[in-house]
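Beneath this line is the structure, given in structure tokens, with notes to follow.
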Amino acid sequence: MKMFVTAAAALFCILPLAAFDRALVPAEFQAAIFKQLCADYLPAYRQGTLVIVSRDGEDALAKEFSRAGFVVKVVTPEQAVFEDDQILYLPSRLDDRVAASLSKRAALVLTDNTKWVRRGLASLGIVVRQRRADVVAHVGRLEASGAEVGLGLFRYARVLDGR
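Residues -19 to -1, 1 to 144 (mature numbering (1 follows the signal peptide of the UniProt record, and there is no 0)) make up the sequence shown, in order.
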């Protein structure tokens, strides 16, 4: 499976950015990459419920994460305030203030927004950078969630919090 994720990430080198919805990593690749990250580095989160915060349904994301074996719930930002699940997905279409408020509610926060990872609002980001998919990580957030952060994750992800 690791080779699949590497091959999937390499595929982005040849796809034009116009193929992406606002330069976002397609849902099926986000789900596959996150599934592999959990299998390799974050096994405690493999069985958790993934709560996707959205105003417009995020049907493609929900379908692909569900297909990857995660239990998925899609909620509005107002409903997310009452969620206490471990994994929260904050799409970049959310307002920065909403993301900042909700990011405190989950152990692991996943996003497609590099800026939120850099600011410590999210633990992991699956983002498009220079026509390819990249995983970015905020190690401080990961450690605060109780995840053991090994060298493998450092090699796999670009670390954005200066560690």
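Ideal Cβ placement from N, Cα and C applies to all residues, glycine included.
query: State whether the segment 40 to 53 contacts the segment 82 to 92, with contact taken as three or more CB pairs (one from each stretch) at a distance under 8 Å.; result: no
query: Tell me which residue opens and which closes the alpha helix (DSSP H) that residue 148 is part of.; result: Outside the shown range of the chain (-19 to 144) lies residue 148, about which nothing can therefore be said.
query: Measuring CB to CB, does T92 end up less than 9 Å from L71?; result: yes
query: Which of helix, strand or coil does DSSP assign to G50?; result: coil
query: Examine the Cβ distances between the segment 133 to 142 and the segment 25 to 33 and report whether three or more of them are shorter than 8 Å.; result: no
query: Roughly how many angstroms lie between the CA atoms of E45 and Q11, to the nearest whole one?; result: 8 Å
query: Tell me which same chain residues have a C-beta within less than 6 Å of the C-beta of L69, skipping the five on either side of it?; result: V32, A87 and V90
query: To which residues of the same chain is E9 closer than 6 Å at the C-beta, ignoring the five residues directly before and after it?; result: E45
query: Give a yes or no on whether the C-beta atoms belonging to residue 184 and T57 are separated by under 9 Å.; result: Look at the range of the chain in this structure, -19 to 144, and you will see that residue 184 is not part of it.
query: On the DSSP bridge assignment, give the partners of D115 in chain order.; result: V108
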